[in-house]
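Same order as they appear, the protein sequences are chains A and B.
In case it helps, the working numbering puts the first sequence at residues 1 to 150.
In case it helps, the working numbering puts the second sequence at residues 151 to 300.
Comments concern the structure below.
Protein chains: 2
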Amino acid sequence: MVEESVEEEAQFGIGQVAERTGLSVHALRFYEREGLFLNPVRRLSGGRRVYTGHDVDWLNVCIILRASGMPLPVLRRYTELVRAGVGNEPERLALMREHEARVTAQIAALTESLDLIRFKVAVYEDLRDGGESAARECHTPPTTRGTAAP
Amino acid sequence: MVEESVEEEAQFGIGQVAERTGLSVHALRFYEREGLFLNPVRRLSGGRRVYTGHDVDWLNVCIILRASGMPLPVLRRYTELVRAGVGNEPERLALMREHEARVTAQIAALTESLDLIRFKVAVYEDLRDGGESAARECHTPPTTRGTAAP
DNA sequence: GCTTGTGCTAGAGCCAGGTCTAGCTCCTAG
DNA sequence: CTAGGAGCTAGACCTGGCTCTAGCACAAGC
């Protein structure tokens with residue numbers, strides 16, 4: 001096992017990185033092809049990849065951005081900007097703000113959907129115990145405004 | 151245009167339904183093949199589909215469930231239960247509760263991701279105007295517990 | 001010297017969820 | 001009669017994001 005040698009920089013094999021990020025080794029190679037690393041991944045003689053602690057940190061950022069629905073092309077663009085270094089912060093800001101907006105919109109949409117879902121849960125619950133719910137043929141909560149029939 | 155004839159039941163062509171649901175006509179036919187309608191869609195002589203107001207209501211439910219990430223197989227299962235009628239409400243309740251749990255988990259995950267995203271937005275903002283941010287080489291907010299370096 | 005473990009590459013395959021096409025059928029209006 | 005517009009079917013195709021396979025290369029341990 002390769003663990004923090006002196007103080008220099010931790011190094012990891014692809015399997016170790018997979019373990020600590022939760023990504024598969026396939027996904028790691030795929031991400032590399034997709035240009036999602038800040039620096040070219042070093043290779044051992046023999047061609048094996050060697051990852052640094054920084055790589056793992058960056059991957060964890062990528063994982064969060066992906067989990068929040070950032071598409072790979074956007075993530076790649078962001079990576080390019082960070083890689084290019086100082087000077088493009090305004091563009092990074094714009095990109096992140098757009099992503100923030102998409103994520104908040106997504107949360108809002110989910111929260112709204114949750115209204116219907118909870119309404120249905122409630123209907124089935126009180127149908128189960130007692131059941132004076134008038135909701136037999138109706139699928140939508142009364143709170144859903146619009147599309148009202150005459 | 152076909153609009154509410156007597157009081158019987160509104161009827162719509164596929165194009166009209168596409169218009170008022172936002173789904174494409176392709177998607178409507180696809181959903182039908184996938185068994186996402188409560189009743190077999192009626193056909194005119196000539197084979198054209200005729201949808202009722204109930205179909206449109208149900209589609210709107212489907213749209214919300216899909217938007218909240220319910221996979222088609224689960225939505226189909228739910229449709230089957232509703233179609234089967236009275237008696238399986240406990241199973242519907244279970245299904246909806248599971249979905250509710252997935253959605254709240256998803257919201258929680260997005261909200262957590264939002265922490266990182268907002269952190270980055272903040273970093274780039276104060277880098278822009280003033281810029282005493284110490285965040286040059288660091289990608290993660292200090293609030294991210296764990297995986298702390300020595 | 002052989003097996004086992006870990007890794008490599010190129011490229012094929014897979015899944016979800018639609019989307020699009022070709023070729024045909026109707027109906028209605030001019 | 002003819003053209004346009006809406007619709008039909010079966011089935012091919014697409015995008016995104018991985019995932020897997022085949023065939024090969026090392027390095028270490030028995």
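No residue lacks a Cβ here, since even glycine has one placed at the ideal position from N, Cα and C.
Worksheet item: Would you call Cys212 of chain B buried or exposed, if buried means 16 or more other Cβ atoms sit within 10 Å of its Cβ?
Response: buried
Practice prompt. Return the chain-ordered list of same chain residues with a C-beta closer than 7 Å to the C-beta of Glu182 of chain B, the five sequence neighbours on each side being excluded.
Written response: Val191
Worksheet item: Which residues does DSSP pair with Leu121 of chain A in a beta bridge?
Response: One detail in the question is off: residue 121 of chain A reads as Val in this sequence, not Leu. Looking at the DSSP assignment, Val121 of chain A forms no beta bridge with any residue, so it has no partner.
Fill in: Amino acids of chain A, ordered along the chain, whose beta-carbon sits closer than 7 Å to that of Arg247 of chain B
Val121
Worksheet item: Who does Thr52 of chain A pair with in a DSSP beta bridge?
Response: A:Gln11
Worksheet item: Can you find a CB in chain A that lies within less than 9 Å of the CB of Gly219 of chain B?
Response: yes
Discussion item. Buried or exposed, going by whether 16 or more other CB atoms sit within 10 Å of the CB of Thr111 of chain A?
Written reply: exposed
Worksheet item: Within 10 angstroms of its Cβ, does Asp55 of chain A collect 16 or more other Cβ (buried), or is it exposed?
Response: buried
Item to complete: Output, in chain order, the set of chain B residues within a Cβ distance shorter than 7 Å of Ala109 of chain A.
Response: Ala217
Fill in: chain B residues whose Cβ lies nearer than 7 Å to that of Ile117 of chain A
Ser218, Met246, His249, Glu250 and Val253
Worksheet entry | Between the CA atoms of Gly196 of chain B and Met70 of chain A - distance to the nearest angstrom | 46 Å
Practice prompt. For the alpha helix (DSSP H) containing Thr229 of chain B, list its first residue and its last residue.
Written response: Leu222 to Ala234
Item to complete: Return the bridge partner residues of Arg42 of chain A from the DSSP annotation.
Response: A:Val50
Worksheet entry | Leu28 of chain A: first and last residue of the uninterrupted alpha helix (DSSP H) it sits in | Val25 to Arg33
Worksheet item: Can you tell which of B:Arg226, B:Leu194 and B:Trp208 has its C-alpha closest to the C-alpha of Thr171 of chain B?
Response: B:Trp208
Practice prompt. Pick out whichever of A:Asp126, A:Glu125, A:Leu127 and A:Ser113 has its Cα sitting closest to the Cα of Thr140 of chain A.
Written response: A:Ser113
Worksheet item: Under a CB-based cut-off of 9 Å, is Val211 of chain B close to chain A?
Response: yes
Item to complete: Report yes or no: is there a C-beta of chain B within less than 9 Å of the C-beta of Gln106 of chain A?
Response: yes
Fill in: Pairwise C-alpha distance: Thr104 of chain A and Glu132 of chain A
37 Å
Discussion item. For a contact defined as C-beta to C-beta under 7 Å, what are the partners of Leu207 of chain B on chain A?
Written reply: With the sequence shown as reference, residue 207 of chain B is identified as Asp, and Leu is not the correct amino acid for it. Neighbours of Asp207 of chain B on chain A, chain order: His139 and Thr140.
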